[in-house]
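These notes are about the structure you will find just below.
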Amino acid sequence: NGLGVRKARVVVFRRGTDPWESHKNGLINTVVPEAHIPSHQGPDAQTVLPKLDITTMAAKGPFNIGHLHFAMVQLKNNPERKDVLKVLKNAPRLAPVRTTDGVDSMNAVAEMMRDLHRTRADMWEVAYWEDILNVTDGEANMVYQVHNESVVVPENVDAIRALTGLESEGRRSIAKTDEALGITNKFL
Numbered sequence: 015n016g017l018g019v020r021k022a023r024v025v026v027f028r029r030g031t032d033p034w035e036s037h038k039n040g041l042i043n044t045v046v047p048e049a050h051i052p053s054h055q056g057p058d059a060q061t062v063l064p065k066l067d068i069t070t071m072a073a074k075g076p077f078n079i080g081h082l083h084f085a086m087v088q089l090k091n092n093p094e095r096k097d098v099l100k101v102l103k104n105a106p107r108l109a110p111v112r113t114t115d116g117v118d119s120m121n122a123v124a125e126m127m128r129d130l131h132r133t134r135a136d137m138w139e140v141a142y143w144e145d146i147l148n149v150t151d152g153e154a155n156m157v158y159q160v161h162n163e164s165v166v167v168p169e170n171v172d173a174i175r176a177l178t179g180l181e182s183e184g185r186r187s188i189a190k191t192d193e194a195l196g197i198t199n200k201f202l
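In structure tokens, the structure reads:
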């Protein structure tokens, strides 16, 4: 990515239940922290990036429209905000949203997917709040939303191509999948 990560600390505020089970065991008026640190997300990331210094914490809340992440990332070489934004804007499957455009909450992101006529309001991209992003003294602080039901779809398509030998170049597979699904790096 050109910036390099020294360490990452991420807090995940995850949905309390799956949408198809919310009538059975949904949380109401509470937040439940995971009983251990790190939560599984950090070690999961290390299966792909084994040298990544990451600690994650998680809690579940009374919603089921995705997960909200708060990331504090120490970067190498003291980049500026514009440098971080450039990397994010050039990365596949990331799309900025802005509170100044009225996209100021998880439900606003979900409504935007409906307005874009996405089937089931699917969001295959990760939406990050561009106007909340802060970079100070080499630390990037950001907030992003993951629609955990649909975000895995493009990665699974790419994995199938790789496993079957249909596509050996990762970037080409990403481009094919993104075109087929209508994945974008700009919602508005």
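Each residue of the sequence shown is one higher than the one before, counting from 15 in the numbering used here. Even glycine gets a Cβ: it sits at the ideal position worked out from N, Cα and C.
Taking the C-alpha atoms as reference points, what is the distance between alanine 135 and alanine 124?
6 angstroms
By Cβ distance below 6 angstroms, which residues in the same chain neighbour isoleucine 79 in space, the five residues on each side in sequence not counted?
Met120 and Ala124
Quick one, are the C-beta atoms of phenylalanine 77 and arginine 29 less than 7 angstroms apart?
yes
Beta-carbon spacing of valine 87, valine 149 below 7 angstroms:
no
When you compare each of Pro106, Leu89 and Val46 to isoleucine 197 by their alpha carbons, which one comes out closest?
Pro106
Leaving out the 5 sequence neighbours to the left and right, which residues in its chain are closer than 6 angstroms to leucine 147 when beta-carbon positions are compared?
Met156
With a threshold of 8 angstroms on Cβ separation, who are the neighbours of asparagine 91 within its own chain once the five nearest residues in sequence on each side are excluded?
Leu17, Gly18 and Gly152
Three-state class that DSSP yields for proline 57 in the structure shown
helix
Going along the chain, which residues of its own chain have a beta-carbon closer than 6 angstroms to the beta-carbon of proline 93, five neighbours each way excluded?
Leu17
Residue-level contact to chain D via CB, methionine 127, 7 angstroms cutoff:
The structure shown has no chain D; it contains just one protein chain.
Can you tell me which residues form a DSSP beta bridge with asparagine 170?
In the DSSP output, where bridge partners are listed per residue, asparagine 170 has none listed.
Verify whether the separation of the beta carbon atoms of glutamine 60 and valine 26 is less than 7 angstroms.
no
Glycine 184 versus Pro168, Thr113 and Pro47, residue with shortest Cα-Cα distance
Pro168
Among Gly179, Ala173 and Leu89, whose alpha-carbon lies nearest the alpha-carbon of asparagine 68?
Per the sequence presented here, residue 68 reads as isoleucine, with asparagine not at that position. Nearest option by C-alpha distance: Leu89.
Are the Cβ atoms of proline 110 and glutamate 144 separated by less than 7 angstroms?
yes
Taking the C-alpha atoms as reference points, what is the distance between leucine 202 and arginine 112?
9 angstroms
Once the 5 residues before and after asparagine 43 are set aside, which same chain residues still bring their CB inside 8 angstroms of it?
Pro76
Beta-ladder partner(s) of phenylalanine 84, from DSSP
Val25 and Val157
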